[in-house]
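Participant: Residue numbers (my numbering), protein chains in the order written: chain A, 2 to 516; chain B, 46 to 414. Can you keep this structure in mind? I'll have questions shortly.
Below, the structure is given as structure tokens:
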């Protein structure tokens, strides 16, 4: 039989129960009693929606219990860190058709409710009968339970099927900011080409799910292409939706994504600890199998920019190379060349001075004013000296004047490149084929001789390039900063004497109130 | 005590840290005379001005020139006399009438005209920036036959000699400015006058335990300076994680009191409301790095009722005037906009609806809508 606890009461019959700072009787654990597993799942959904399950999962135990009369129930034990946690757990348990108890070892007493805000204690506590694992003291009486088995609460959450969420297929701009696309092998290249043509920023990775199912098909064991797309336009999203072999996912945490249009019953952001940090999980909704539709991919995933997969080819200079490439099938090959244009001239950024004109440049350096010298950078190559100027500076009038077609690509003034493919794709392809690696640099497309690449590190200021080295000694640096060191002040009272007001001058006349 | 001794013994430690010594009281006439001879104490003032410049450079990019002048000297002298009122020897040696004289002198020195512009605000704040960091070490000595307490004083060596034989125990307690200052009556008025003299100091520490922060016209006027307003917002946000909502929560509580105060200009109410909504958006901005932008925020479970009021303030403002609902440009950052919507969703609940409506009604009346 239960009795209500009075405010300020500190001693209880139930062992392991004490009052917390709010005066509420709380044990080390909370025990949530449910008649079926549905109630447990309902509680996990309700609690996960309100607070983090990550805090409870390490100490959570789900026990399949049996009474002396062979009726069965499920008891979920959670660590009761504070009465705030138990308050929320008890409220959710009540909603899910369960009841909440608190205790430490074998005796669990009914947790507080509206009728007894401080909690309950047991009158005339009896020891548990032989064979009973624990006792739950409710209002109707005390019920002994034996442990029939234990379930893994984590496995219960992971085995839940995704449910269809009507209306969630429509994604707003924020939701489309980052999406994942899985594509079967046959669709991969077509998908990447389509996304690049539509100028969608895309990163791709080939992934292999760690499947343990003997029923997995050969196609499933082969792996697939996973693409991470940014700011996907709604028009393209509609085109991709429903294509066989393509599945759209939306990220819920750093390493978990759920199929668009579906949702996990439990809020996954509240139980992120279920998912290993070193793996990436894709949760699929529509899969005609009984096993959990979770693709666990060994990670962390290494993403590659899809732009590097675009095929853009340049005309080769060497005759033997032309012969060799002529035998290849004529698939997707673009010839990039310079043509005169009447478009408005672009910004002039530098000049390419042929090797024959370099002596003129040397002579010109002696006559140039210091401001103009400081504004130039130069890289001397076998194809000539590439001379670059700062914004707004005058270019030295020598050689072929160059303008910027796009960032990092210089072409002669008055010319343009055809075909007019995406300039970013063109620039990255030019860098790769010219053998300049992937570092920062400039690609120059002169009139003759084909393009060449100059690394950013090779560019020196003109002043530095033309001067010989001057040895300079290193001298120690002396810190002369004027910042004062600030600290905390502390009051120190000096002893006052009997005549501390000696010499106190009265207030000047006319100021303040009179004494 | 002469001017240089006062500057070295009290003003410099107050500004730059160290032991601030409080001894014989200062009268108003002495302070007025010292103002004339301030330029002759340049050597003592150099360290003070250097420390003040360092403090100012943490708030604004280009601190104005603000040499230690008459106003700053008066503030230091007023604080000195105020601290003397809680000196342990005062009740022993000064009669009640003499103590009243010291208090009147402190009050007169602390009553400065309202600051005129950014220079005055910074100049006063850099003098008083350590006000709430002031502490006093109180020592309690017990020995086998008696006990004694020393407030801000070192106990004589004879009392702590032979500790094991005489069974001497020593307890040390650090008392903050808010704890040592008298809070009631005329003595309490001195402390409040000191805070009111430096509105920027007042605004930067709204979460202190005493005196209670209020949105006075001089404090609201600071928000007209965008750089200072930004400095205040960043200072609030830099509070330790455990007390991260304390400054805006105290400011929101003062905002609620401001709504029912009489003769508050509607423009002031609008400015304060917009500023607090802006600060609320900064808390949302701080959470845009989260993986799940729709996840519940811990802010809503950490604080008490005042923090809940601060977090619900945009929802109150949107009812009174939709223009105050969110800072301009918030929608331009999709992650921030999404987190802001998540905060709003978390702040709105059936249990807060009635309170929000009541507050919105008060806000509407204060705004003159």
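Don't be surprised by glycine CBs; every beta carbon is placed ideally from N, CA and C.
For the segment 243-263 of chain B, list every residue whose C-beta sits within 8 Å of some C-beta in chain A, in sequence order.
Facilitator: Correct list: empty, as no residue qualifies.
Participant: Identify whether residue 112 (chain A) lies in helix, strand or coil by the three-state DSSP scheme.
Facilitator: Position 111 of the first chain holds residue 112 (chain A). Three-state DSSP puts residue 112 (chain A) in coil, outside helix and strand.
Participant: Are the C-beta of residue 49 (chain B) and some C-beta of chain A separated by less than 8 Å?
Facilitator: Stepping through the second chain from its first residue, residue 49 (chain B) is reached at position 4. Not an interface residue.
Participant: Could you please give the first and the last residue of the uninterrupted beta strand (DSSP E) stretch that includes residue 494 (chain A)?
Facilitator: Counted from its first residue, the first chain places residue 494 (chain A) at position 493. Here the beta strand (DSSP E) through residue 494 (chain A) covers 490-494.
Participant: Helix, strand or coil for residue 298 (chain A), going by three-state DSSP, please let me know.
Facilitator: As a working note, residue 298 (chain A) is residue 297 in the first chain. It is a strand residue.
Participant: Under 8 Å Cβ-Cβ, which residues of chain B neighbour residue 95 (chain A)?
Facilitator: Here the question's residue 95 (chain A) lines up with position 94 in the first chain. The contacting residues do not exist; residue 95 (chain A) stays about 18 Å from chain B at best.
Participant: Only counting the same chain, and skipping five residues up and downstream in sequence, which positions put a Cβ closer than 6 Å to that of residue 395 (chain B)?
Facilitator: By 1-based counting over the second chain, the position of residue 395 (chain B) is 350. If we look at residue 395 (chain B) and ignore the five residues flanking it on each side, it has no Cβ neighbours.
Participant: Any contact between the segment 174-186 of chain B and the segment 151-161 of chain B? By contact I mean 3 or more CB pairs, one from each, below 8 Å.
Facilitator: Cβ pair count under 8 Å is below three, so no.
Participant: Can you tell me whether DSSP reads residue 134 (chain B) as helix, strand or coil?
Facilitator: Numbered from its first residue, the second chain carries residue 134 (chain B) at position 89. Coil.
Participant: Could one say the Cβ of residue 124 (chain A) lies closer than 8 Å to chain B's Cβ atoms, at least one of them?
Facilitator: Within the first chain, the letter at position 123 stands for residue 124 (chain A). No, its Cβ sits nowhere closer than 8 Å to a Cβ of chain B.
Participant: Between the segment 293-304 of chain B and the segment 320-337 of chain B, can you find at least three pairs of beta-carbon atoms closer than 8 Å?
Facilitator: Yes, since at least three Cβ pairs between the segment 320-337 of chain B and the segment 293-304 of chain B fall closer than 8 Å, the two stretches touch.
Participant: To the nearest angstrom, how far is the alpha carbon of residue 131 (chain B) from that of residue 226 (chain B)?
Facilitator: Residue mapping note: residue 131 (chain B) aligns to position 86 of the second chain, counting from 1. Residue mapping note: residue 226 (chain B) aligns to position 181 of the second chain, counting from 1. Answer to the nearest angstrom: the Cα atoms are 7 Å apart.
Participant: Is residue 10 (chain A) helix, strand or coil when you go by DSSP?
Facilitator: On the first chain, position 9 is the one that residue 10 (chain A) refers to. The answer is coil: DSSP assigns residue 10 (chain A) none of H, G, I, E or B.
Participant: With contact counted as at least three CB pairs below 8 Å, one residue from each stretch, are the segment 205-224 of chain B and the segment 261-268 of chain B in contact?
Facilitator: No, because fewer than three Cβ pairs between the segment 205-224 of chain B and the segment 261-268 of chain B fall closer than 8 Å, the two stretches do not touch.
Participant: Report the partner residues of residue 80 (chain A) according to the DSSP bridge assignment.
Facilitator: Position 79 of the first chain holds residue 80 (chain A). A:30.
Participant: Going by DSSP, what residues sit across from residue 225 (chain A) in a beta bridge?
Facilitator: Within the first chain, numbered from 1, the residue matching residue 225 (chain A) stands at position 224. A:208, per the DSSP bridge assignment.
Participant: Is residue 303 (chain A) helix, strand or coil when you go by DSSP?
Facilitator: In the first chain, residue 303 (chain A) corresponds to position 302, counting from 1. DSSP places residue 303 (chain A) in coil when its eight states are reduced to three.
Participant: Do residue 337 (chain B) and residue 253 (chain A) have their C-beta atoms closer together than 8 Å?
Facilitator: To locate residue 337 (chain B), count along the second chain from 1; it is residue 292. To locate residue 253 (chain A), count along the first chain from 1; it is residue 252. Closer than 8 Å, so yes.
Participant: Within 8 Å of any Cβ in chain B, is that where the Cβ of residue 234 (chain A) sits?
Facilitator: The sequence position of residue 234 (chain A) within the first chain is 233, counting from 1. For residue 234 (chain A), the answer is no, since every Cβ of chain B falls outside 8 Å of its Cβ.
Participant: Where does residue 91 (chain B) sit, in a helix, a strand or coil, going by DSSP?
Facilitator: Walking along the second chain from the start, residue 91 (chain B) turns up at place 46. Residue 91 (chain B): helix per DSSP, three-state reduction.
Participant: Name the DSSP bridge partner or partners of residue 63 (chain B)?
Facilitator: Walking along the second chain from the start, residue 63 (chain B) turns up at place 18. Answer is A:490, bridged to residue 63 (chain B).
Participant: Taking C-beta pairs closer than 9 Å, name the residues in chain A that residue 175 (chain B) reaches, listed in chain order.
Facilitator: As a first step, residue 175 (chain B) must be located in the second chain, where it is residue number 130. Within chain A, the residues near residue 175 (chain B) are 487, 488, 489 and 490.
Participant: Determine which residues share a DSSP beta bridge with residue 416 (chain A) and list them.
Facilitator: On the first chain, position 415 is the one that residue 416 (chain A) refers to. Per DSSP, A:341.
Participant: So residue 136 (chain A) and residue 272 (chain A) are in contact, right, with Cβ under 8 Å, and what is the actual spacing, rounded?
Facilitator: If you number the first chain from 1, residue 136 (chain A) lands on position 135. If you number the first chain from 1, residue 272 (chain A) lands on position 271. Rounded, the Cβ-Cβ distance is 30 Å, inconsistent with contact.
Participant: Any idea what DSSP makes of residue 364 (chain B), helix, strand or coil?
Facilitator: Taking the first residue of the second chain as 1, we reach residue 364 (chain B) at position 319. Helix, per DSSP.
Participant: Determine the direct distance from the alpha carbon of residue 385 (chain A) to that of residue 359 (chain A), and round the result to whole angstroms.
Facilitator: Taking the first residue of the first chain as 1, we reach residue 359 (chain A) at position 358. Taking the first residue of the first chain as 1, we reach residue 385 (chain A) at position 384. Their backbone Cα atoms lie some 8 Å apart in a straight line.
Participant: Whole angstroms are fine: how far does the CA of residue 173 (chain B) sit from the CA of residue 115 (chain B)?
Facilitator: Numbered from its first residue, the second chain carries residue 115 (chain B) at position 70. Numbered from its first residue, the second chain carries residue 173 (chain B) at position 128. Distance between the alpha carbons of residue 115 (chain B) and residue 173 (chain B): 14 Å.
Participant: Using the beta-carbon of each residue, which ones in chain B are nearer than 8 Å to residue 254 (chain A)?
Facilitator: In the first chain, residue 254 (chain A) corresponds to position 253, counting from 1. Here the neighbours are 336 and 337.
Participant: Does residue 496 (chain A) come within less than 8 Å of chain B when only Cβ atoms are used?
Facilitator: The residue labelled residue 496 (chain A) in the question sits at position 495 within the first chain. By this cut-off, residue 496 (chain A) is an interface position.
Participant: Can you list, in chain order, the residues of the segment 259-283 of chain A whose Cβ is nearer than 9 Å to any Cβ on chain B?
Facilitator: Here the close residues are 268, 269, 270, 271 and 273.
Participant: Could you work out which residue in B:61, B:333, B:370 and B:377 is closest to residue 405 (chain B) when comparing CA atoms only?
Facilitator: As a position in the second chain, residue 405 (chain B) is number 360, starting the count at 1. The candidate whose alpha carbon is nearest that of residue 405 (chain B) is B:370.
Participant: So which residues of chain A does residue 196 (chain B) contact, with C-beta pairs closer than 8 Å?
Facilitator: The count along the second chain starts at 1 and reaches residue 196 (chain B) at position 151. Residues of chain A passing the Cβ test: 494.
Participant: Buried or exposed: where does residue 218 (chain B) fall if 16 or more other Cβ atoms within 10 Å of its Cβ makes it buried?
Facilitator: Here residue 218 (chain B) is taken as the residue at index 173 of the second chain, counted from 1. Flag for residue 218 (chain B) reads exposed.
Participant: Pull up the CB-CB distance for residue 175 (chain B) and residue 496 (chain A), whole angstroms please, since I reckon it's below 8 Å.
Facilitator: Counting from 1 along the second chain, the entry for residue 175 (chain B) is found at position 130. Counting from 1 along the first chain, the entry for residue 496 (chain A) is found at position 495. Rounded, the Cβ-Cβ distance is 25 Å, inconsistent with contact.
Participant: Run through DSSP, which three-state label would residue 189 (chain B) get?
Facilitator: Your numbering for residue 189 (chain B) matches position 144 in the second chain. It is coil, neither helix nor strand.
Participant: Helix, strand or coil, according to DSSP, for residue 303 (chain B) in the structure here?
Facilitator: Counting from one through the second chain, the residue named residue 303 (chain B) turns up at place 258. It is helical.
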